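*Asks:* Numbering (my numbering), first residue to last: 204 to 334. Even glycine gets a Cβ: it sits at the ideal position worked out from N, Cα and C. Being a predicted model, the structure only gives us computed values, none of them experimental. Following this message is one structure expressed as structure tokens.
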Ligand SMILES: [Zn+2]
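Take a look at the structure:
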């Protein structure tokens with residue numbers, strides 16, 4: 204499953220980032236996902252299980268969907284086709300072949316809980332994340 208592979212690599216990347224920064228866990232992962240990828244829901248679904256037993260367990264996956272835009276061959280305008288399955292210009296009906304956005308998959312940021320000024324409770328939180 205493509206989504207599961209993606210969820211796993213996101214989790215791996217974020218966990219690695221957390222470890223490098225000496226954080227105890229990841230609280231949130233922000234990504235941008237093109238509408239054409241069409242996997243936002245599936246990725247959400249896979250994310251929870253993928254985080255189990257990692258520093259990402261309990262983290263929130265925040266997906267910003269990037270709308271599809273493409274350039275029309277006929278009128279040259281930058282348009283958003285009505286559906287990702289029928290790439291035609293909504294205005295003149297011409298084919299839009301040059302997709303400008305909507306295919307991207309981008310890791311925006313990873314938020315760690317070490318940013319919280321909580322030195323006093325740090326010792327209590329070290330264990331228990333990994334089951
Ligand atoms: Zn057009």
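1) Considering only their Cβ atoms, is the gap separating residue 218 from residue 258 smaller than 8 Å?
2) Between which two residues does the alpha helix (DSSP H) harbouring residue 206 extend?
3) Considering only residues of the same chain and omitting the five flanking positions on each side of residue 329, which have a CB-CB separation below 8 Å?
4) So what does DSSP say about residue 258, is it helix, strand or coil?
5) Taking residue 248 as the reference, which of 223, 210 and 274 has the closest Cα?
6) So for residue 235, helix, strand or coil by DSSP?
7) Can you give the Cα-Cα distance for residue 298 and residue 304, rounded to whole angstroms?
8) Which same chain residues end up closer than 8 Å to residue 243 when comparing Cβ atoms and leaving out the 5 residues on each side of it in sequence?
*Replies:* A quick look at the data gives this:
1) Position 55 of the chain shown, counted from the first residue, corresponds to residue 258. Position 15 of the chain shown, counted from the first residue, corresponds to residue 218. Cβ atoms of residue 258 and residue 218: closer than 8 Å.
2) Counting from 1 along the chain shown, the entry for residue 206 is found at position 3. Run containing residue 206: 205-223, per the alpha helix (DSSP H) assignment.
3) Position 126 of the chain shown holds residue 329. For residue 329, the predicted model reports a pLDDT of 41, less than 50, meaning its position is unreliable and no value from the coordinates is stated.
4) On the chain shown, residue 258 is found 55 positions in, with the first residue counted as 1. If DSSP states are grouped into helix, strand and coil, residue 258 belongs with coil.
5) Taking the first residue of the chain shown as position 1, residue 248 is located at position 45. Selected option, being the one with the closest Cα: 210.
6) As a working note, residue 235 is residue 32 in the chain shown. Note: residue 235 maps to strand in three-state DSSP.
7) Sequence index remark: in the chain shown, residue 298 carries index 95 (1-based). Sequence index remark: in the chain shown, residue 304 carries index 101 (1-based). Cα to Cα, the separation comes out at about 16 Å.
8) Along the chain shown, read from residue 1 onward, the residue named residue 243 stands at position 40. These residues qualify, in order along the chain: 236, 266 and 268.
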